[in-house]
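Residue numbers (my numbering), protein chains in the order written: chain A, 1 to 153; chain B, 1 to 423; chain C, 1 to 733; chain D, 1 to 208.
Just so you know, even glycine gets a beta-carbon here, dropped at the ideal spot from N, CA and C.
What follows is a single structure, written as structure tokens, with notes after it.
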Amino acid sequence: MIKEIWSDVVKPILAGLAVTARRLKRDKSTVFYPEEQREQYPRTRWRHVLTRYENGLEKCIGCSLCAGACPARCIYVESAENTDEERYSPGERYAKRYEINMLRCIFCGLCEEACPTGAIVLRKDFELADYHRDDFIYTREMLLEKMPVKSDR
Amino acid sequence: MPETRLLLKHSGDPEYRAIAGYMAEGGYVGLKKALTMERQAVIDEVKKSGLRGRGGAGFPTWMKWNSVPKEKTKPHYVLCNADEGEPGTFKDKELMENTPHLMIEGMIIGGYAIQAEVGYVYIRAEFMDCARAIKMAIDEAYENGFLGKNILGSGWDHDIYVHMGAGSYECGEENAMMRSLMGERGMPGLKFPHAPFPTIEGLWNLPTLINNVESFACVPHIVVNGGDWYAMIGASTKNSRGTKIFSVSGHVNKPGNYEIEFGMPLMELLELAGGMKGGELKACVPGGSSVPMINKEQCEKAIIGYEELVEVGTMVGSGGCIFLNEHTCIVTFIWRTTLFYARESCGKCTPCREGSGRLVAALARLRSGDDAQKTAALRDIDELVTVMRSASLCGLGQMAVSPATSALQDFRQAVGAPKGANT
Amino acid sequence: MQTATEQELVTITVNDQEVRVPKGEMIVESVKRIGLDVPIFCYHPRMKPVGMCRMCLVDVGMKQKDGSVRVMPKPQTACTLPATEGLAIYTDTEQIRKDRKGILEFLLVNHPLDCPVCDRGGECPLQNLTLIYGPSTTRFVEEKRHLLKAFPLSKYVQLDLERCIQCGRCVRFTEEISGDGQLAFLFRGALMQPQTYELTDFTSRFSGNTIEVCPVGALTSAEYRFRARPWDLETSPAICTECSNGCSTWFDHRVGEMIRINGRTNEAVNEEWTCDKGKFGHNYLNSPKRLTTPLVRDGESLREAGWAEAYERILAVFKGGGGAVAGLSGGRPSNESLFLWKRLFTERFESPNLDHRWHVHLPGAGETVAGRHGIREVNTPIAAFEGMPAIFFFGGDPAAEQPILYLRVRKAWFRNEAKVIVAAPEPTEADNFAYCVLRYRPGSEAALLGGLTRLLLEKAGGVAGADELRQAVARFTPEETEVVTGVASGALRRAAEAMAEGFATAASRTLYNLPNGADVVTALTNLAISAKSADRFNLFATEANEQGALEIGVLPGAGGLDTRGILEGCRDGGVRALWLLQCDPFERFPNRELARQALENVEFLLVQDIIETESFHHASVVLPCCAFSEDDGSYTNMERRVQRVRRVVAPKGHAKPSWKVFSELELRMTGETPPFSAKEVMGMLGSAAPQYQVSAYDHLEGEGVILPAEGGAAEPRLALPDYDAMEGSRELV
Amino acid sequence: MDLIQLTEKEERPQAPKPGEVELRFSDRGVKELDYLLTHYPDRKSAMLPALWIAQREYGGNLPAEAVAEVAVRLGRSYAEVEGVATFYTMYHIRHAVGKHVIEVCTCIACALCGAYRIADYLKAKLGVDWGETTPDGTFTLEEVECLDACDRAPVLMVADEYIGPAAEKDVDTLIERLRNTEEPTTVRLADEVTQAQLHKTEQASAQD
């Protein structure tokens, strides 16, 4: 009887505890978020960014292919024509309005795939929480990359 | 075998250009005879002669004449294709300059046979000498009653007008020529089976007979001497009768027009033209630039005749015979030929418009590129030419590839490593 | 629309499947009958085939007597090949696939791959066919052709020659359909490009269609440029309400805004064309001047108000107003709105003062064509013009007044060699294909018609009661007519000869704007009757629903005032309150001064409109109303065809459909159950005006229905107008 | 309510109205055109001859006004006439040429016989490239495709005259001769072409 208790109850418990004990030696896998942040995997897809060329011109040409590819229909693009005085992107066309509804976005990355110029990319910034629904509409200004420090313009 | 001068018999004689000299040598006898014959009898005479179109396609002339509606309900027209533009061909030029009345007489007989009231001669504007000669011939014909109202008391009226082109090779294609005459861009229209033949719906949608200058020039002889007589000339061939003027040019000692009987070996024609200049024979384009090129071995086998030349892989075409000597760079030659087609493409259909330009570009790569580029260019050309040949609307696009294809067949070895350009 | 003639059928085989098709039909159409599709670029079913792009190649064979098939050595273009007995077509052989791929490669050799910024991207035939048949990569290393890019050919059309694939559709459109020939191919070979003369303004009235026929983005709309991509857009069927032709359109919209208008196929009306006015003229829908909420006047200014307050003010004035209140409408409200509005006035306000006409002459009941001659004003459907051997355009420039009818008549000439006689004081676009042009001096219309009538009476004879008329026009010999009108007597005779066998008249109601308009219309009707062509007489309306207003009877009742009377009443105080329904007297009424006095003096002015107009500033109450795209309803076009419009976008702001406003007012006055939908209103209209019984909404799908003729065919009566030319026209001699 | 303003002031250049086109054909040109019109059943067919007359009347070139005039005289649209004129290489439209156009055939047979060498010689001598005109406006050098005088290769063409086989010294004499020719040969060619299409009687009547 006792033997059975030993073999069926105590011994497995001890074995389990041993595993735990062995684990104690290792580093802990949780981090003190938000003070500490863990490095993201290379292919992580979070917040969208509209990128620029080195000379500061926007890559986005307002072609709306991202909106067409989006399964959640969360992208809205309105484009306009560049003029020589007011130039945003290299070609004829740029996005006058570019909005992403982050509440609807499922971060599938299809927009990035569809983009012919590599303008829209999903980067690793995942802290997207906010208090008002309206604030989840990310506009072109919010999405655009900062101007490079050295710029022709 | 010497020349058989039928059309060019009096070519060197300045007297012959005027109507008096022409009539002294038996001119307008054919017309007078024809006007006494039934119209169908004239056509039958042409049928017996076995005359085939001298413009390039070799279509039996009588069939054209015969397919014009016999019951005349609306105006009929005759159109003489004098827009000679095929590189290497200059026979019509000589015919028009030296024997204008022969062609005019042939046209009038043709007009009589198909009951036409108006004939047009479409001459390219570069040929001003021809145009002046033809114009003078027409004026003289009017003065002598061979044109105008009630010709020679037959009760039949006929007018002939000269219509000048303005610089377009494409207008030598019969369909494009009609468009050009009607004041449009010289682009070919729809052809059989998409539309009726010009003999049913031609100029202004009315029956129109279109023949080449040389074809018309043969007609008076046929009418005077009879079709059977004409059919005896060149009887050694399968189905080619009469004489054919070959315009010999290129690396020969005596370039010029040589009228020969069908059945003559190609090499004899070369001998007539004084033999090769500057080197051995390398290749020959026997019928104008759009017929396939043949190499020396084929030249030696070739007998001149519509079917006979097909046997060696080329055609009689319009008779523009270019001989190339051994120092000629074949790639440069076909590049230049193709460039001609690219420049003269009317632009109507996609394969010819875009393809001809790309073919030139590919040949240029073949001419000057490194080995890898050459291999790629050869592959491109192969695929390009199949589409162009099968999909082009008119002969220009379809034939534009034949220099390239034939040369690449024969000279692939040489083409793969061409010598430097030596033009 | 082809007249139903017996067509000979032949049997062809398509990919070994037998199919019976009409003889002579192009193979590209025949293969559609078994659900196959041949790729095309240059072919367009409404233009003559040319076989330029070579995309539609198929292998063709002939069935031999022994049942075997002899295939032609080269493939043929399906778009130019007529069907004949025993033809065998193969659309999908190895060689054909190779050729198609080759053709696409050639087309793309010089075509820029700027699809992401091209307005055609997403609805581009070249893009689509490349995806299906084309190569995925290019082999050519040479640089592409560089030509004109994004060049504004006109205010509406932009030209991008690099994208052009030289299919010639636009060129052929201007040659064959619109007839102005403003586009042509320039240069040849690889440089061939469509352009206007010296790149001048592309002024065609139908230039917008070239954008639609272009299979690539070479011709794009300047208005639509970069505004949206096709997949951003929602599209709904609509009817154009810019003129009385009533073309079917596709209404493309995005987040409630109109983006563009495209032609929609309606064989009976516009085939698939639109005029530039209809295609580019709808920007007012997005105008910042749109009225969005009811406004009421407080002292000097208008302030926003609720509907209830507006209704109160309206009813305070109009209820029981009788002869002291009046209503004027334009020709743009829907049938439903007009009907309820009329009922509101005649039955609830008990006022007979109602009109929708704005011409100089406002004929009374006995003076209209129907009243005077016993025939209908409109007899010929647009499509029927195609089969008319002779057509008589009278009065104005048909291309401006009736653009789609003009295209149809041009087609009648182009395809069927109809003889078109154009009589107009100014050069018109129809002149270049007219059989005969009668250019008369303004003011001599009646005399010209007198001269023609005289010639036709000589020829036809046997027209009942023509003796008096014969006397009345006896003095207008061709020579005398030439003196009076300036039309050469030879031209007059030629015209009369062409018209002697009967002809269709195409004139518009703007004739009533002539100083002697009533006489001219009578003279025109006499002319038609003299040639026994009264059944082809047409005096067309010019506004979207003007014909509907006539049919419904938005006209002065017994003892009521017409437009002029109403405005005079407003000025003089006889009319206290005026209701303007989608019309602006300042713009419409020929006498602007009277309009100003009327609107300034009337006590209460109710303006109900889509956007701010000049009258708006005089209004006591302003009601917003819905545009055609924001409301359910129906319109009666010039040929009396009733067509549906649907609500495709939401009304702007607080705007309400007009019929709904009227029914709510009725509810406040009577307490009866109001109609809840436009469909119900149409039912009520059907019982009030029996001809509208056919146009219940269930029957309005597709092409719409033509209203039936009322009553039996009466014997047309001649009448005697004053044939004298207006003073002054003879002096110009 | 007409909400559409299609008549807004336009900035785009407008084509002239048919009535506004200045008609500059001489009486002789008009007569010749009238005769040529009798040769064909419809007016359009006289397009090519009319353009030749225009090229003569407008001094060897076809400026836009000449195209407009032909269009008005034949009752066709401007664009159509321009399209036809640009199709053919011998109409000098959209590129004004000098007094004398020297056309060098560089097609196959001529190329085989040294046309490019002659062409280079000409280019160097005149200091111009293909399609260019000398600064004094005398010579324009043009490359043409086969002139069909392959027996005389390499061949040059000036107006209605063929020069071939052309060697360097022939080119020198030609240039010298042309320098001393006052009348533009381009006009002469256009006139010759027109005359060739008229019958003797018509010619005589037109020149009255």
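For residue i, the residue or residues it bridges with in DSSP
i       : result
E58(A)  : R52(A)
C115(C) : Paired residue(s): none; C115(C) is not in a bridge.
V642(C) : T636(C), V705(C)
N335(C) : The partner list for N335(C) (beta bridge, DSSP) is empty, contrary to what the question assumes.
G263(C) : T249(C)
W579(C) : G327(C), L606(C)
T208(B) : Y77(B)
G320(B) : S247(B)
Which of helix, strand or coil DSSP assigns to residue i
i       : result
E271(C) : strand
K277(C) : helix
P478(C) : helix
L254(C) : Here the sequence assigns Arg to residue 254(C), which means Leu is not the residue at that position. Looking at R254(C) - three-state DSSP - the assignment turns out to be strand.
G67(C)  : coil
C66(A)  : helix
E202(D) : helix
D17(C)  : The sequence shown places Gln at residue 17(C), rather than the Asp named in the question. Note: Q17(C) maps to strand in three-state DSSP.
M1(A)   : coil
K96(A)  : strand
H221(B) : helix
Y138(A) : strand
V807(C) : One cannot answer for residue 807(C) here, as it falls past the ends of chain C, which runs 1 to 733.
K374(B) : helix
S356(B) : helix
| Segment contact, 8 Å Cβ cut-off, at least three pairs: the stretch 373 to 381 of chain B with the stretch 35 to 54 of chain B | no
| Interfacial residues, the stretch 187 to 198 of chain C to chain D, with Cβ spacing under 8 Å | F187, R188, Q195, T196, Y197, E198
| Curious, which full-length alpha helix (DSSP H) runs of at least 4 residues does the stretch 326 to 351 of chain B contain? | 330 to 344
| message | If the cut-off is 9 Å on Cβ atoms, which residues from the stretch 62 to 91 of chain A count as contacting chain C, listed in chain order? | response | G62, C63, S64, L65, A67, G68, Y76, V77, E78, S79, A80, E81, G91
| Between the stretch 104 to 116 of chain A and chain C, which residues of the former have CB atoms less than 7 Å from a CB of the latter, in chain order? | P116
| request: Determine contact between the stretch 370 to 389 of chain C and the stretch 572 to 590 of chain C, defined as no fewer than three beta-carbon pairs at a distance below 8 Å. | output: no
| field | alpha helix (DSSP H) segments (min. 4 residues) lying fully within the stretch 194 to 235 of chain C | value | 207 to 213
| Runs of beta strand (DSSP E) lying entirely within the stretch 124 to 172 of chain C, each at least 3 residues, in chain order | 157 to 159
| message | What are the residues in the stretch 17 to 32 of chain D lying within 7 Å of chain B by C-beta distance? | response | none
| query | Using a beta-carbon distance cut-off of less than 7 Å, what residues from the stretch 129 to 163 of chain D approach chain B? | reply | E145, C146, L147, D148, A149, C150, D151, A153, M157, D160
| Uninterrupted alpha helix (DSSP H) stretches inside the stretch 536 to 574 of chain C (no shorter than 4 residues) | 546 to 552, 563 to 572
| request: Using a Cβ-Cβ cut-off of less than 7 Å, give me the residues of the stretch 176 to 203 of chain B that come near chain C, in sequence order. | output: R185, L190, P193, H194
| query | Is there contact between the stretch 153 to 167 of chain C and the stretch 196 to 213 of chain C, where contact requires at least three CB pairs shorter than 8 Å? | reply | yes
| said: Within 8 Å, do at least three Cβ pairs link the stretch 540 to 557 of chain C to the stretch 351 to 361 of chain C? | reply: yes
| query | Can at least three beta-carbon pairs, one atom from the stretch 209 to 222 of chain C and one from the stretch 33 to 44 of chain A, be found at a separation below 8 Å? | reply | no
| request: For the stretch 337 to 350 of chain B, enumerate the residues whose C-beta is nearer than 9 Å to any C-beta of chain C, in chain order. | output: A342, R343, E344, S345, C346, G347, K348, C349, T350
| Between the stretch 123 to 137 of chain C and the stretch 398 to 412 of chain B, do at least 3 Cβ pairs fall closer than 8 Å? | no
| Residues within the stretch 207 to 236 of chain C neighbouring chain A, beta-carbon criterion of under 8 Å | R225, F226, R227, A228, R229, W231, D232
| request: Decide if the stretch 221 to 237 of chain C is in contact with the stretch 173 to 184 of chain C; the criterion is three or more beta carbon pairs, one per stretch, under 8 Å apart. | output: no
| Curious, which full-length alpha helix (DSSP H) runs of at least 4 residues does the stretch 49 to 102 of chain B contain? | 61 to 67, 91 to 98
| message | By the 9 Å beta-carbon criterion, what residues does the stretch 379 to 390 of chain B contribute toward chain C? | response | R379, D380, E383, L384, T386, V387, M388, R389, S390
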